[in-house]
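Asker: My questions will all concern the structure given below.
Number of protein chains: 2
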Amino acid sequence: MFEAQMQDGKIFKAIIEAIKDLVQDCNLDCSEEEVAIQSMDSAHVSLVAVRLSAGGFSNYRCDRPNSLGINTANMSKILKMLGKDDSITFKAEDESPDNLTMLFEGGKTTIADFDLKLMDIEAEQLGIPDTPYQCTVQMNADEFQRIVRDLQVLGDTCTISCGKEGIRFSVTGNIGNGNILIRSNDEQNEKDRVTITMDEPVELNFALRYLNFFTKATPLSSSVIISMSPDVPVVVEYPIEDFGHIKFYLAPKIEED
Amino acid sequence: MFEAQMQDGKIFKAIIEAIKDLVQDCNLDCSEEEVAIQSMDSAHVSLVAVRLSAGGFSNYRCDRPNSLGINTANMSKILKMLGKDDSITFKAEDESPDNLTMLFEGGKTTIADFDLKLMDIEAEQLGIPDTPYQCTVQMNADEFQRIVRDLQVLGDTCTISCGKEGIRFSVTGNIGNGNILIRSNDEQNEKDRVTITMDEPVELNFALRYLNFFTKATPLSSSVIISMSPDVPVVVEYPIEDFGHIKFYLAPKIEED
DNA sequence: AACTGGACCA
DNA sequence: TGGTCCAGTT
Chain A
1 MFEAQMQDGK IFKAIIEAIK DLVQDCNLDC SEEEVAIQSM DSAHVSLVAV
51 RLSAGGFSNY RCDRPNSLGI NTANMSKILK MLGKDDSITF KAEDESPDNL
101 TMLFEGGKTT IADFDLKLMD IEAEQLGIPD TPYQCTVQMN ADEFQRIVRD
151 LQVLGDTCTI SCGKEGIRFS VTGNIGNGNI LIRSNDEQNE KDRVTITMDE
201 PVELNFALRY LNFFTKATPL SSSVIISMSP DVPVVVEYPI EDFGHIKFYL
251 APKIEED
Chain B
1001 MFEAQMQDGK IFKAIIEAIK DLVQDCNLDC SEEEVAIQSM DSAHVSLVAV
1051 RLSAGGFSNY RCDRPNSLGI NTANMSKILK MLGKDDSITF KAEDESPDNL
1101 TMLFEGGKTT IADFDLKLMD IEAEQLGIPD TPYQCTVQMN ADEFQRIVRD
1151 LQVLGDTCTI SCGKEGIRFS VTGNIGNGNI LIRSNDEQNE KDRVTITMDE
1201 PVELNFALRY LNFFTKATPL SSSVIISMSP DVPVVVEYPI EDFGHIKFYL
1251 APKIEED
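See the structure below:
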């Protein structure tokens, strides 16, 4: 038996909205410690990893590790029916369940329950090396979203350079070039603070198209954490309060000479 | 001579908006007691019945019963010009009038009047049995609208089950199943109150497409009254304060075996 | 599917 | 008056 209640259901809704453009089908990997999602996007370019630790749920029980294969578009359709302040209770059988049952509870009078048909999804095992990164930047998530959206009008590829003084986003395109520099600072209010932790400067190129997909997770977090090392995928992480995080991985473009 | 003034013209506008997707042409049946509309929808699947009692109008005079055949789309176009707080005064001749004249009066300075061309519409007489129903549920109209809209993503057919404890809306579809249960209650504020009056439980299937058409009448009323008996059409009624009601009838789908 | 404008609600 | 939600549009 798997059963877990999330008080603030819109967190789960936001997660599904954040990944559904990248990932068609994925497993909810439920264990005693967490509900996790790990999946390459449909084009096998980027990777999504979600962690919802058991401690964030108000009730959590998972007798046996289990993978629940969902179609994200269908899940999204059902979550459209989630009320403003509804909680979600997830339920599934232990042995190869056919359905994931979700209870939406809000006002006292209304209870909605939905069965989402599950599917078998082969779990490609994805080794994510947990190595330290050469540069890590924490900044406002809305600002990151705006930068990535804005720069897309100039070109497809964004150069992200991280040094002590700050992080720079640069695009070279037909109509012109652009540079946005975010300076490291120590603002009073956490929202505007920009924190940089680094050993050596790093400069890497990325496809703006994918960075834009990642920023669909912006509603989940006030800040975003960008981690880079030479020649390895960048990590774009949105912490999810009480639960864990959603992380996106994207390999750098190789410099064309 | 027929002449009637409706202080709050947007009630009539809302009625036309509510029925114009179902009914192309219909008669305004004017008598000493009321203005009534009765019509099957174009596909002859459902039935609309409106009653506006003479008492709701601020001036009412109907010398002779008369049927004014209108095209709802054209009526809607004229009503688009109704001002925010305008009253409407309807005027028509007794003997087979060619036009229905409508006066829109709001601020003291502006008066608009429009003549809508009338047409002859054969009045198919529609016997609506006025039998008591086995289950009657009164609930919030907005909530009913939301449920019917939401469930449409899961499938075409909705099972409505009414029992003592509440009313349940269920849909079975390809991507999964859904159940929304509204519990009978005795809320303080009338808006959230759910009242169930019943002899025996009833369970019937309906086309969500039509239930959705009916909810176009939601702006007319804070609550909706759903009445069901086995094997007869459901009645979805929106009371219209001071005037009467708009009722929709829809035959249940026969269980496929 | 994303964006937009419009409507309703707080 | 601003925010949110929904429907229509590209």
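First to last, the protein sequences are chains A and B. Read in order, the letters of the first sequence correspond to residues 1 to 257 in this note's numbering. Read in order, the letters of the second sequence correspond to residues 1001 to 1257 in this note's numbering. C-beta: ideal position from N, C-alpha, C; glycine also. Since the model is a prediction, treat every value here as computed from it, not as a measurement.
1. For A:Gln5, which option in A:Gly56, A:Gln188, A:Phe214 and A:Ser161 has the closest C-alpha, if you only look at C-alpha atoms?
2. Per DSSP, what are the beta-bridge partners of A:Thr197 in this structure?
3. Give me, in chain order, the residues of the same chain whose beta-carbon lies closer than 6 Å to that of A:Tyr238; leave out the 5 immediate sequence neighbours on both sides.
4. At a Cβ threshold of 8 Å, is B:Asp1257 touching chain A?
5. Going along the chain, which residues of its own chain have a beta-carbon closer than 7 Å to the beta-carbon of A:Thr172, five neighbours each way excluded?
6. Is A:Val202 helix, strand or coil when you go by DSSP?
7. Can you tell me whether A:Ile16 is helix, strand or coil according to DSSP?
8. Taking Cβ-Cβ distances below 8 Å as the criterion, which residues of the stretch 70 to 85 of chain A are in contact with chain B?
9. From B:Phe1214, B:Asp1150, B:Lys1164 and B:Leu1126, pick the residue whose C-alpha is nearest to that of B:Val1137; which is it?
10. Please report the distance separating the alpha-carbon of B:Glu1200 from that of B:Pro1230.
11. Report yes or no: do three or more beta-carbon pairs, one from the stretch 1022 to 1032 of chain B and one from the stretch 76 to 91 of chain A, lie closer than 8 Å?
12. Following the continuous beta strand (DSSP E) through A:Phe243, name the residue where it begins and the one where it ends.
13. Just list the residues that DSSP pairs A:Val148 with in beta bridges.
14. For A:Leu181, count neighbouring Cβ atoms within 10 angstroms of its own Cβ and tell me buried if that reaches 16, exposed if not.
15. Label B:Gly1127 either buried or exposed according to how many other C-beta atoms from any shown protein chain fall within 10 Å of its C-beta, with 16 as the threshold for buried.
16. Going straight from the alpha carbon of A:Glu203 to that of A:Tyr133, what length do you get?
17. When the Cα of B:Gly1176 is compared with those of A:Ala92, A:Val148, A:Thr101 and A:Arg146, which residue comes out closest?
18. Since A:Thr110 meets chain B, which of its residues come closer than 8 Å, beta carbon to beta carbon?
19. Taking CB distances under 8 Å as the criterion, tell me whether A:Lys10 reaches chain B.
20. Please compile the residues from chain A whose C-beta is within a distance smaller than 7 Å of the C-beta of B:Val1236.
21. From the beta carbon of B:Val1048, is the nearest beta carbon of chain A less than 8 Å away?
22. What are the complete beta strand (DSSP E) segments, minimum 3 residues, inside the stretch 52 to 128 of chain A?
23. Can you pull out the residues from the stretch 1189 to 1212 of chain B whose beta carbon lies closer than 8 Å to at least one beta carbon of chain A?
24. Within 8 Å of any Cβ in chain B, is that where the Cβ of A:Asn99 sits?
25. Does the beta-carbon distance from B:Asn1066 to B:Phe1002 come in below 8 Å?
26. Closer than 8 Å, CB to CB, is B:Glu1156 near chain A or not?
27. Nearest chain B C-beta to A:Lys13 closer than 8 Å, yes or no?
28. Taking a cut of 8 Å between CB atoms, which residues from the stretch 101 to 130 of chain A lie near chain B?
29. Only counting the same chain, and skipping five residues up and downstream in sequence, which positions put a Cβ closer than 6 Å to that of B:Gln1038?
30. So if DSSP puts B:Asn1177 in a beta bridge, which residue, or which two residues, is it bridged to?
31. What's the C-alpha gap between B:Gln1007 and B:Ser1087?
32. Do A:Phe213 and A:Leu22 count as a contact pair if the criterion is CB distance below 8 Å?
33. Of all the CB atoms in chain A, is at least one closer than 8 Å to the CB of B:Ala1055?
34. Taking DSSP as the reference, what is the three-state secondary structure of A:Lys247?
35. Output yes if chain A places a C-beta closer than 8 Å to the C-beta of B:Val1035; else output no.
36. Hey, is B:Gly1163's beta-carbon within less than 8 Å of any beta-carbon in chain A?
Answerer: Quick answer:
1. Scanning A:Gly56, A:Gln188, A:Phe214 and A:Ser161 for the CA closest to the CA of A:Gln5 turns up A:Gly56.
2. DSSP output for A:Thr197 lists A:Thr136 as bridge partner(s).
3. Ala217, Leu220, Ser221, Val224 and Ile246, listed in sequence order.
4. Note on B:Asp1257: pLDDT 45, under 50, position unreliable in the model; the coordinate value appears next. Output row for B:Asp1257: interface = no.
5. If you ignore the 5 residues before and after A:Thr172, its C-beta comes within less than 7 Å of the C-beta of Gly155, all in its own chain and listed in chain order.
6. Three-state DSSP puts A:Val202 in a strand.
7. A:Ile16 carries a helical assignment under DSSP once its states are collapsed to helix, strand and coil.
8. The stretch 70 to 85 of chain A vs chain B, Cβ under 8 Å: Asn71, Asn74, Lys77, Ile78, Lys80 and Met81.
9. When each option's Cα is compared against that of B:Val1137, the closest is B:Lys1164.
10. Rounded to whole angstroms, B:Glu1200 to B:Pro1230 spans 10 Å at the Cα level.
11. Because the criterion of three Cβ pairs below 8 Å is not met, the stretch 1022 to 1032 of chain B and the stretch 76 to 91 of chain A do not touch.
12. Neither: A:Phe243 is in no beta strand (DSSP E) and is coded neither H nor E.
13. Beta-bridge pairing by DSSP links A:Val148 to no other residue.
14. A:Leu181 comes out exposed.
15. By the 16-neighbour rule on beta-carbons within 10 angstroms, B:Gly1127 is exposed.
16. Rounded to whole angstroms, A:Glu203 to A:Tyr133 spans 13 Å at the Cα level.
17. Measuring from the Cα of B:Gly1176, the nearest candidate turns out to be A:Thr101.
18. For A:Thr110, the residues of chain B that pass the 8 Å Cβ criterion are Glu1143, Ile1180, Leu1181, Ile1182 and Arg1183, in the order they occur in the chain.
19. Chain B, which has no Cβ nearer than 8 Å to the Cβ of A:Lys10, makes this no.
20. Ordered by position in chain A, no residue passes the 7 Å Cβ test against B:Val1236, which lies about 19 Å from the chain.
21. With 8 Å as the cut-off, B:Val1048 does not count as an interface residue toward chain A.
22. With a minimum length of 3 residues, the continuous beta strand (DSSP E) runs that stay inside the stretch 52 to 128 of chain A are 59 to 62, 66 to 71, 87 to 92, 99 to 105 and 110 to 117.
23. Per Cβ criterion, the list reads Asp1192 and Val1194.
24. Contact with chain B is found for A:Asn99, since one of that chain's Cβ atoms lies less than 8 Å from the residue's Cβ.
25. In this structure, B:Phe1002 lies closer than 8 Å to B:Asn1066 by Cβ.
26. Here the sequence assigns Asp to residue 1156 of chain B, which means Glu is not the residue at that position. Not one beta carbon of chain A lies nearer than 8 Å to the beta carbon of B:Asp1156.
27. No, A:Lys13 lies away from the interface with chain B (no Cβ there is under 8 Å from its Cβ).
28. For the stretch 101 to 130 of chain A, which is checked against every Cβ of chain B, the residues closer than 8 Å are Gly107, Lys108, Thr109, Thr110, Ile111, Ala112, Asp113, Phe114, Asp115, Leu116 and Lys117.
29. Here the set comprises Ala1049 and Leu1126.
30. Beta-bridge analysis with DSSP links B:Asn1177 to A:Asp115 and B:Thr1172.
31. B:Gln1007 and B:Ser1087: Cα-Cα distance of roughly 4 Å.
32. Result yes, Cβ atoms of A:Leu22 and A:Phe213 sit closer than 8 Å.
33. Ala is not the amino acid found at residue 1055 of chain B; the sequence shown has Gly there. Look at B:Gly1055: its C-beta is not under 8 Å from any C-beta on chain A.
34. Strand at A:Lys247.
35. So, not an interface residue.
36. The Cβ of B:Gly1163 sits no closer than 8 Å to any Cβ of chain A.
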